[in-house]
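Take a look at the structure set out below.
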Amino acid sequence: MAKKPRSVPFEQIAQQVAGAPSVSAPFDLRAPGGRGYRLLENNVSPERVRDIGRDGVPLGWDACGCGGDCGYRWYSAEQVSRAAAAATPESGRSGRLVGRFVLLRSDEGDSLLLAHHPARWGTLLE
Ligand SMILES: [Zn+2]
Numbered sequence: 183m184a185k186k187p188r189s190v191p192f193e194q195i196a197q198q199v200a201g202a203p204s205v206s207a208p209f210d211l212r213a214p215g216g217r218g219y220r221l222l223e224n225n226v227s228p229e230r231v232r233d234i235g236r237d238g239v240p241l242g243w244d245a246c247g248c249g250g251d252c253g254y255r256w257y258s259a260e261q262v263s264r265a266a267a268a269a270t271p272e273s274g275r276s277g278r279l280v281g282r283f284v285l286l287r288s289d290e291g292d293s294l295l296l297a298h299h300p301a302r303w304g305t306l307l308e
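For the sequence shown, the working numbering begins at 183 and goes up steadily by one.
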């Protein structure tokens, strides 16, 4: 995944000048490999998930619907890109479980998707 160069926001410079403590909160999730991600959107529409996925974004699948406590099954950016080319994902409902899609972003600007059971995306989420 290509990293886009980022300029330093004015607020960050102002904080450094003022010697203020960093506002960085702990990461919401660590993906395999250790990169940290922060929650961006908690309930992304299936159509947007497909659009985001087309660009090739890795995805973590919470296959049991516990919210990821027992871990995610990981799909590569290539697998997600192929799924997005073939189908729009669907979120469902099963008992008290409501499926949803979540978007996270790293401080470097890379996106990460999470899918919480019950959800389907062609043959990707099984
Ligand atoms: Zn679980």
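In this text, a Cβ means the ideal position worked out from N, Cα and C, and glycines have one as well.
All values reported here derive from a predicted model rather than from experimental measurement.
Once you ignore the five residues that flank residue i on each side, which residues in its own chain have a CB closer than 7 angstroms to its CB?
i: Ala265; result: Gly235, Trp303, Gly304 and Leu306
i: Tyr219; result: Phe209, Asp210, Leu211, Ala213, Leu286, Arg287, Ser288 and Leu294
i: Thr270; result: Pro228, Glu229 and Arg232
i: Glu272; result: Pro228, Ala301 and Arg302
i: Arg217; result: Ser288
Under 8 angstroms Cβ to Cβ from residue i, same chain only, skipping five residues before and after it: list those, please.
i: Pro240; result: Ala213, Trp256, Tyr257, Ser258, Ala259, Val262, Leu294 and Leu295
i: Cys246; result: Cys252 and His299
If you draw a straight line from the C-alpha of residue i to the C-alpha of residue j, how long is it?
i: Ala268; j: Arg232; result: 9 angstroms
i: Glu229; j: Ser276; result: 21 angstroms
i: Val280; j: His298; result: 8 angstroms
i: Trp243; j: Arg278; result: 18 angstroms
i: Asn224; j: Gly249; result: 12 angstroms
i: Ala207; j: Tyr254; result: 22 angstroms
i: Leu221; j: Gly215; result: 18 angstroms
i: Gly238; j: Glu290; result: 16 angstroms
i: Glu308; j: Gly274; result: 14 angstroms
What residue range is occupied by the uninterrupted alpha helix (DSSP H) comprising residue i?
i: Gly235; result: Pro228 to Arg236
i: Arg264; result: Ala259 to Ala268
DSSP has residue i in a bridge; who is on the other side?
i: Glu223; result: Leu285
i: Ser206; result: In the DSSP output, where bridge partners are listed per residue, Ser206 has none listed.
i: Ala297; result: Trp243 and Phe283
i: Trp256; result: Gly242
i: Glu308; result: Paired residue(s): none; Glu308 is not in a bridge.
i: Arg302; result: Glu272
Output the boundary residues of the beta strand (DSSP E) element that contains residue i.
i: Arg217; result: No beta strand (DSSP E) holds Arg217; DSSP gives it neither H nor E.
Check whether the Cβ of residue i lies closer than 8 angstroms to any Cβ atom in chain C.
i: Leu296; result: Protein chain content of the structure displayed is limited to a single chain, and chain C is not contained in it.
If I measure Cβ to Cβ from residue i and keep anything under 6 angstroms in the same chain, skipping five residues before and after, which residues do I get?
i: Phe283; result: Val226, Val231 and Ala297
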